[in-house]
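Quick notes on the structure that follows.
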Amino acid sequence: MGRNPRSLRLVAAVALAAIVAGCAAGVRSASDALDTALTATPGDSARGREVIAGRDGNCLLCHEVPRTGVRFMGNLGPPLAGVGARLTPGQLRLRLVDSKRLNPESIMPSYYRIEGLVQVAAAYRGKTVLSAQQIEDAVAFLVSLR
Amino acid sequence: MLPRSLRHACALACLFVWTCTQIGPVFAADAERPSPLRSGIEFTSADVRSLQDDDFQNPGMLWVTRGEELWRVAAGKSGKSCADCHQRAETSMKGVAARYPVYDAAAGDVVNLEGRINLCRTHRQAAKPLVYESENMLALTTYVAHQSRGARVEGAVPTELRASFERGRERYRKRIGQMDLACTHCHQQNWGRTLLAQTISQGHGNAYPAYRLEWQSLGSLQRRLRACYFGVRAEMPPYQSPELLDLEVYLAWRGRGLTIETPGVRR
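Same order as they appear, the protein sequences are chains A and B.
Okay, so the first sequence: first residue is 1 according to this note's numbering, each after it adds one.
Okay, so the second sequence: first residue is 147 according to this note's numbering, each after it adds one.
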């Protein structure tokens with residue numbers, strides 16, 4: 001093992017670096033998900049579709065989302081096709097509530113947070129972008145995207 | 147004890163992760179100006195481009211024509227027009243807009259083209275200042291800026307402008323509003339991507355005052371900046387506030403070298 005050619009060691013190093021990076025990204029720590037629903041009423045997928053495609057969520061500005069009936073969608077964020085298979089409801093909930101808890105540099109707005117915002121226009125001050133129920137509805141719709 | 151190659155691999159992996167954490171912020175700080183620099187017109191559709199390129203179709207030319215008339219109209223107690231002091235704008239105003247905003251020692255402040263016009267009115271013509279974003283203010287500003295069409299934005303930052311420039315630079319990176327976004331998130335980090343069906347531009351001011359199809363009118367750069375504040379659901383600073391002037395100073399530096407298009411046409 002100690003006699004490996006240098007190139008092989010480099011391959012091993014790169015592979016390990018990739019594994020390290022992969023683990024860091026895929027770790028399910030307690031802070032990766034919000035497993036408790038925000039409301040007692042379970043999310044409604046049909047209403048969630050309205051939140052996502054409509055003016056309240058405006059998600060299509062940045063994301064491509066299937067089953068919305070919209071032709072032109074943004075590409076600032078990742079496409080959400082199959083997101084229900086990739087993320088758990090808890091992980092989806094956290095990403096809607098405040099994705100900056102996962103990545104402080106994220107450009108995604110926090111849809112259920114009022115602290116730490118500055119210079120908010122009077123009409124929106126002290127208000128979250130979406131209501132707790134709208135978050136649950138949106139989660140229910142995203143979960144159905146498999 | 148791990149085999150030597152594996153130990154090397156671990157060390158390299160650690161070095162790799164550490165390097166990533168170190169170069170991230172440094173790179174972000176250096177990448178202040180988009181490369182290549184592209185005017186907003188390049189992000190519009192062919193019909194908008196042809197509208198801008200044809201003076202007979204460009205709706206902004208209506209304001210140029212009106213400005214040309216106003217240039218020769220006497221105003222205030224002085225009974226003087228712009229032309230009485232500055233003669234032909236085609237020569238006296240050529241290249242002026244490319245140098246603005248400037249620091250005005252007498253005013254002790256940053257002055258943009260609109261501010262300069264009003265300083266002339268109050269100090270030289272003994273006239274009332276024009277209301278910001280009024281038709282007459284837009285017409286005169288557009289007429290003056292139009293004389294620099296084709297000139298390159300200078301965007302110099304002399305010592306007197308430094309403080310304003312630094313505030314503008316900071317402002318450009320400050321997250322604001324319910325959307326919690328800064329200018330840089332769209333116009334530096336994500337230009338060229340699409341927001342719904344629209345391509346995000348690099349956010350330069352070289353076409354302003356510009357006719358915007360969305361407004362069905364011509365508007366100043368500050369009106370356009372305020373529209374972004376509105377978009378991120380932030381409190382809009384008033385016209386000619388230090389906040390917007392500082393941003394104008396920063397934007398001129400950021401877009402230096404671009405060609406002035408006034409009156410530009412935008413979506």
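Cβ atoms here follow ideal geometry from the backbone N, Cα and C, with glycine treated the same way.
Beta-carbon separation (whole angstroms), G220(B) vs S227(B), contact threshold 8 Å: Here residue 220(B) turns out to be Ala, not Gly, going by the sequence shown. Rounded, the Cβ-Cβ distance is 5 Å, consistent with contact.
Which residues, taken in chain order from the segment 111-144 of chain A, show a beta carbon closer than 9 Å to some beta carbon of chain C? The structure shown contains no chain C; its protein chains are A and B.
Measuring straight from C-alpha to C-alpha, what distance separates A361(B) and L92(A)? Before going further, note that residue 361(B) is Trp rather than Ala in the sequence given. Their backbone Cα atoms lie some 38 Å apart in a straight line.
In chain A, which residues lie with their C-beta within 7 Å of the C-beta of T345(B)? Under a criterion of Cβ atoms nearer than 7 Å, no residue of chain A is adjacent to T345(B); the nearest Cβ is some 10 Å distant.
Please report whether the beta-carbon of N75(A) lies at a distance below 8 Å from any beta-carbon of chain B. It does; some Cβ of chain B falls within 8 Å.
With 8 Å as the threshold, decide whether the Cβ of P66(A) is near any Cβ in chain B. Judged by the 8 Å Cβ criterion, P66(A) is not in contact with chain B.
Could you pull out every residue in the same chain whose Cβ sits closer than 6 Å to the Cβ of R400(B), ignoring the five residues on either side in sequence? Only R179 meet the Cβ criterion.
Go ahead and label R358(B) buried or exposed: buried means 16 or more other beta carbons lie within 10 angstroms of its beta carbon, across all protein chains shown. It is buried - the Cβ of R358(B) has at least 16 other Cβ atoms within 10 Å.
Check the C-beta distance from G48(A) over to A140(A) and give it rounded, since I have them as a contact under 8 Å. Indeed, because the Cβ distance is near 5 Å, the residues count as touching under 8 Å.
In angstroms with no decimal places, state the Cα-to-Cα distance between T167(B) and S106(A). Any reading at T167(B) needs caution, since the residue's pLDDT is 44, under 50, leaving its predicted position unreliable; the model's value is listed next. T167(B) and S106(A): Cα-Cα distance of roughly 16 Å.
On a CA-only basis, which of R319(B), L341(B), D326(B), A243(B) is nearest I406(B)? Give me that one, please. Measuring from the Cα of I406(B), the nearest candidate turns out to be A243(B).
Option nearest Y278(B) by Cα separation, candidates A272(B), Q271(B), R262(B), Q293(B): Minimum Cα distance to Y278(B) is reached at R262(B).
Does E178(B) come within less than 8 Å of chain A when only Cβ atoms are used? Chain A contact via Cβ: absent.
Whole angstroms is fine: what's the gap from S185(B)'s alpha carbon to T211(B)'s? Cα to Cα, the separation comes out at about 25 Å.
Cβ-based neighbour list, V194(B), same chain, cut-off 6 Å, excluding 5 preceding and 5 following: Taken in chain order, the residues that qualify are V411.
Hey, would you say R71(A) sits closer than 8 Å to V97(A), going by beta carbons? No, these two residues do not count as a Cβ contact at 8 Å.
Please state if the CB of R319(B) and the CB of D392(B) are separated by a distance shorter than 8 Å. No, the Cβ-Cβ distance between D392(B) and R319(B) is not below 8 Å.
Let me know if F311(B) comes out buried or exposed under the rule of 16 or more other beta-carbons within 10 Å of its beta-carbon. It is buried - the Cβ of F311(B) has at least 16 other Cβ atoms within 10 Å.
What's the C-alpha gap between M207(B) and T287(B)? Rounded to the nearest angstrom, the two C-alpha atoms are 12 Å apart.
For V277(B), which beta-bridge partners are listed by DSSP? Paired residues: none, contrary to the question.
For P384(B) and L390(B), what's the separation of their Cα atoms in angstroms? Computed Cα separation, rounded: 8 Å.
Please state if the CB of A121(A) and the CB of R379(B) are separated by a distance shorter than 8 Å. Against a cut-off of 8 Å, the Cβ pair of A121(A) and R379(B) comes out as a contact.
Straight-line gap, P89(A) to D44(A) (C-alpha atoms, nearest Å): Spanning the alpha carbons of P89(A) and D44(A) requires a straight line of approximately 13 Å.
Note down, in chain order, every chain A residue with its Cβ under 8 Å from the Cβ of T211(B). Listed along chain A is no residue with a C-beta nearer than 8 Å to that of T211(B); the closest approach is about 36 Å.
Within its chain, find whatever has a CB closer than 7 Å to the CB of P59(A); leave out the 5 residues flanking it on each side and keep chain order. According to the sequence displayed, residue 59(A) carries Cys and not Pro. Counting only Cβ-Cβ distances below 7 Å, and skipping sequence neighbours, we find I52, V65.
Can you give the beta carbon distance from L130(A) to G57(A), rounded, assuming they're within the 8 Å contact cut? Contact holds; Cβ gap of about 6 Å.
Are the C-beta atoms of P78(A) and some chain B residue less than 8 Å apart? Using a Cβ-Cβ cut-off of 8 Å, P78(A) does not count as an interface residue toward chain B, since no Cβ of chain B sits closer than that to its own.
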